[in-house]
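Participant: Mind looking over this structure? Questions follow.
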Amino acid sequence: MNKDKSPLRRLLKVCLKTLIALIAFTIILVIYAGFKVRDAEKRVRAFSQQVVIGMPVAGLDEKASEMGLKFRRTTGSSNQSGSIQVWQGFAFGRWFCTVEYQDGKATGKRVTSLD
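Numbering (this note's numbering), first residue to last: 10 to 124.
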């Protein structure tokens with residue numbers, strides 16, 4: 010008996026190994042993405058809980074940086090009004106905390122998700 014494997018059989022074996030590797034990679038990527046999105050939600054919600062309506066918004070950018078969050082401030086008609094956006098996420102799943110302020114003090118906040 011000749012134990013040499015046919016080229017077709019070797020090709021099928023390589024294809025099967027490649028398919029298994031791709032499936033494993035996809036599963037790992039999905040799990041990683043899930044953990045990243047969940048971590049982003051926890052961080053953004055923790056930031057939101059630290060914001061109290063009526064508190065000064067000065068220093069929120071440092072607080073966001075300390076928590077590993079991204080930060081953007083948009084000003085309204087005066088330098089003392091506008092909104093602050095803090096966010097974190099992974100590719101398709103991002104969490105945001107928007108803090109509205111007037112006269113340098115927080116007037117509202119909300120947490121949203123962008124899937």
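Just so you know, even glycine gets a beta-carbon here, dropped at the ideal spot from N, CA and C.
All values derive from a computational prediction rather than experimental measurement.
1. For the stretch 68-75 and the stretch 32-39, state whether three or more C-beta atom pairs, one from each stretch, are separated by less than 8 Å.
2. For Val23, collect the residues of the same chain with a Cβ closer than 6 Å to its Cβ; drop the 5 residues on either side in sequence, then sort them by chain order.
3. What is the rounded straight-line gap between the Cα of Tyr41 and the Cα of Gly98?
4. If you measure between the beta carbons of Asp124 and Gly91, is that distance less than 8 Å?
5. Take the Cβ of Phe150 as the centre, count every other Cβ of all protein chains shown within 10 Å, and call the residue buried at 16 or more, exposed below.
6. Return the chain-ordered ranges of every alpha helix (DSSP H) run that is complete within the stretch 30-114 and spans a minimum of 4 residues.
7. Check the C-beta distance from Lys118 over to Thr107 and give it rounded, since I have them as a contact under 8 Å.
8. What's the C-alpha gap between Val120 and Lys26?
9. Could you work out which residue in Phe56, Leu28 and Glu109 is closest to Gly85 when comparing CA atoms only?
10. In three-state terms, what does DSSP make of Lys118?
Facilitator: Reading it off the structure:
1. no
2. none
3. 12 Å
4. no
5. Given that the chain is displayed from residue 10 to residue 124, the structure contains no residue 150 and the question cannot be resolved.
6. 69-75
7. 7 Å
8. 44 Å
9. Glu109
10. strand
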